[in-house]
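S.K.: Each residue of the sequence shown is one higher than the last, beginning at 0 in numbering that gives the first Met the number 0.
In this text, a Cβ means the ideal position worked out from N, Cα and C, and glycines have one as well.
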Amino acid sequence: MRKSAAVPETWDLRQHTPASLWQQCADSLTAATASARHPFHLVTVATVAAASGPDQRTVVLRTFDPAAGTISFHTDIRSTKVGQLAAYPQVSLHWYDPAARVQLRISATAAVHHQDDLAVKAWTRSRATSRACYTAVKGPGAAVDAFPTAPSIPLDDDPRGLVHFAVVTCRFSAIEVLTLHAGGHQRVRVQLEDQPISWQILAP
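1) Identify whether GLY82 lies in helix, strand or coil by the three-state DSSP scheme.
2) Going by the DSSP bridge assignment, what does TYR133 pair with across the sheet?
3) Buried or exposed for VAL166, please, with buried defined as at least 16 other CB atoms from any protein chain shown within 10 angstroms of its CB.
4) Have a look at ALA141 and ALA110 and give me their C-alpha separation to the nearest angstrom.
5) Thinking just about the alpha-carbon of each residue, which of ASP156, GLY68, TYR133, VAL187 is nearest to the one in THR168?
6) Whose C-alpha, out of SER78, THR108, TRP94, PHE164, is nearest the C-alpha of ALA131?
7) Drop a sphere of 10 angstroms on the beta-carbon of SER51, count the other beta-carbons inside from all chains shown, and report buried for 16 or more, exposed for fewer.
8) What residues match up with THR46 in a beta bridge as DSSP calls it?
9) For ARG188, which option in GLY182, GLN194, LEU177, ALA181 has the closest C-alpha, if you only look at C-alpha atoms?
Here it is, written out as structure tokens:
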């Protein structure tokens, strides 16, 4: 996505309108899906584990759709997070860019896609090195006797692992932005469903 000339290339929120700040966030998240070096390429996802409370992990941001208000990541259907999402689909998403000193937070509702059209298309687009992770005999978190060796990289048309592959989509309607400045931290919650887009300024 090409950055509009009307969008300030800054995280100084005083120079933004609600709409331009959302565009800044959208441009950054779009860029993050395409570059492993982008600070928002990795996102922390927090779920609710009924027995033990909050649970979190870092995943790769795979897709971002600003029009739909969704992001997605991939997971193994055998992972504990899948069961957690089935019971409590609410998730919290967190990004932090240490260079820009900016934090993004999103509360979203998650849906797991397994062996449906969306999952198959995502599997087809995945690199063979990524698919290899899903060919492991035991699922994530299972007890093992020793550190396993890396699975062999499958051929492009090898379907092994697809049975374990899932896509998690997260739908949201607001995003919270916190920026750290020596002259005063800035924090807002941007409401995307409002027309026009609005924000609430918050104490940092």
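M.R.: Looking at the coordinates:
1) If you number the sequence shown from 1, residue 82 lands on position 83. Reduced to three states, the DSSP call for GLY82 is helix.
2) Taking the sequence shown and counting its residues from 1, the one referred to as residue 133 is at position 134. TYR133 is not bridged to any residue.
3) Stepping through the sequence shown from its first residue, residue 166 is reached at position 167. The residue in question, VAL166, is buried, as its Cβ has 16 or more Cβ neighbours within 10 Å.
4) For the purposes of this step, residue 141 is taken as the residue at position 142 of the sequence shown. For the purposes of this step, residue 110 is taken as the residue at position 111 of the sequence shown. Roughly 23 angstroms separates the two Cα atoms.
5) Within the sequence shown, numbered from 1, the residue matching residue 168 stands at position 169. Of the listed residues, the one whose Cα sits closest to THR168 is GLY68.
6) Residue 131 sits at position 132 when you count from the first residue of the sequence shown. Cα-wise, what sits closest to ALA131 is PHE164.
7) For the purposes of this step, residue 51 is identified with residue 52 of the sequence shown, where counting begins at 1. Counting Cβ neighbours within 10 Å, SER51 comes out exposed, since fewer than 16 surround it.
8) Here residue 46 refers to the residue found at position 47 when the sequence shown is read from its first residue. Answer is ASP54.
9) Counted from its first residue, the sequence shown places residue 188 at position 189. Ranking GLY182, GLN194, LEU177, ALA181 by Cα distance to ARG188 puts LEU177 first.
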